[in-house]
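Working notes, structure below.
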Amino acid sequence: MSIQITIDGQPVAAEEGHNLVDVAAENGVYIPTLCYLKGHPCLGTCRVCSVRVNGHVAAACSVPVADGMQVEVETTELADMRKALIEFLFSEGNHNCPSCEKSGRCDLQATAYEVGMMVSRFPYRFPVRERAVAAEHIWLERDRCIFCQRCVEFIRDRKTDQKIFSIKGRGSTAQIEINTELADAMPPEQVREAADICPVGCILEKGVGFNDPIGQRKFEIQSVRERALGDKKK
């Protein structure tokens, strides 16, 4: 059913129940995301898509649109909130972009540029998490993981539907784990899918490394905002 909502005071037509992030993008309004993937169930783990809906702060990826909904995206308070969330992700991991295999293809890096981050306002923790290299085709740079859980929920064994990746522990002890037996059974295209679905340089395909030369990396060709909005211009 067709409904109408407002985004930053502008009327927007939408289909009832559609995801707010997608509705906004279709109408030229960019809402940054890191855990959300169009066409997949909402995870709501990163909160980088925080907006105000009917006066209350909410993760836009978790909001199905409803008639008369009032949405605020581009306010100074909300923009700083989203920026702070990105800065926190940088401070709680080790993200040395110049030496990272995924530089230029990293969603966290690209989103940081988009929100205007220069340096984190939070103290850097520099965690030490042991790499996982036992799997035949995948290695994990655990200290880059932002715990978005994309891999946990969307990359599964194709025969049994078992999870290949998981999160072990809580707080400062949390780390990503991999079931090496299931990982070794992954076909090559699923290995690449796992590496691509990771928004940072945590899941890497062995034997590939720096496979995209400067000038051909996706966010140097088109920004994360441009990719989210397609041909729409705000």
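Residue numbers (our numbering): -3 to 230.
Don't be surprised by glycine CBs; every beta carbon is placed ideally from N, CA and C.
Please report how far the alpha carbon of Arg188 lies from the alpha carbon of Arg138, in whole angstroms. For Arg188 and Arg138, the distance between alpha carbons rounds to 18 Å.
Which residue wins for smallest C-alpha separation from Val200, given the options Ala55, Cys147, Ala224 and Ser87? Residue identity check: residue 200 is Leu in the sequence provided, not Val. The shortest Cα separation from Leu200 among Ala55, Cys147, Ala224 and Ser87 belongs to Cys147.
Going by alpha carbons, who is nearest to Thr169 out of Leu178, Ile134 and Pro123? Pro123
Drop a sphere of 10 angstroms on the beta-carbon of Cys(-3), count the other beta-carbons inside from all chains shown, and report buried for 16 or more, exposed for fewer. According to the sequence as given, residue -3 is Met; it is not Cys. With fewer than 16 other Cβ atoms within 10 Å, it is exposed.
Just reading off the beta strand (DSSP E) that Ala9 is part of, what are its end residues? Gln6 to Glu11
According to the neighbour-count rule (16 or more other Cβ atoms, all chains shown, within 10 Å of its Cβ), is Lys230 buried or exposed? Note that Lys230 has pLDDT 47, beneath the 50 cutoff, so the model's placement of it is unreliable and no number is given.
Three-state secondary structure (DSSP) at Leu225? helix
For His231, does the count of other Cβ atoms within 10 angstroms reach 16, so buried, or fall short, so exposed? Beyond the ends of the chain as shown, which are -3 and 230, falls residue 231; an answer cannot be given.
Arg154: which of Arg140, Glu185 and Val67 sits nearest, CA to CA? Glu185
Residues near Val129 in its chain [Cβ-Cβ closer than 6 Å; skip 5 each side]: Trp135
Which residue comes first and which comes last in the alpha helix (DSSP H) that contains Gln186? Pro184 to Ile193
I need the straight-line Cα distance from Ala54 to Thr71, nearest angstrom please. Spanning the two alpha carbons is a distance of roughly 14 Å.
Continuous beta strand (DSSP E) stretch holding Lys164: start and end: Phe161 to Lys164
As assigned by DSSP and simplified to three states, the class of Thr169: helix
Using 8 Å as the threshold, is the region 172 to 182 in touch with the region 51 to 70, meaning 3 or more CB pairs across them? no
In terms of residues, what are the limits of the beta strand (DSSP E) holding Ile199? That run of the beta strand (DSSP E) goes Ile199 to Glu201.
Would Gly5 be called buried (16 or more neighbouring beta carbons within 10 Å of its own) or exposed? exposed
Given that a residue counts as buried once 16 or more other Cβ atoms are within 10 Å of its Cβ, and exposed if not, what is Lys231? Here the chain has residues from -3 to 230 only, and residue 231 is not among them.
Would you grab the beta carbon distance between Val281 and Ile142 for me? Rounded to a whole angstrom, and I think it's under 8 Å. In the structure displayed, the chain extends from -3 to 230; residue 281 sits before or after that span and is not available.
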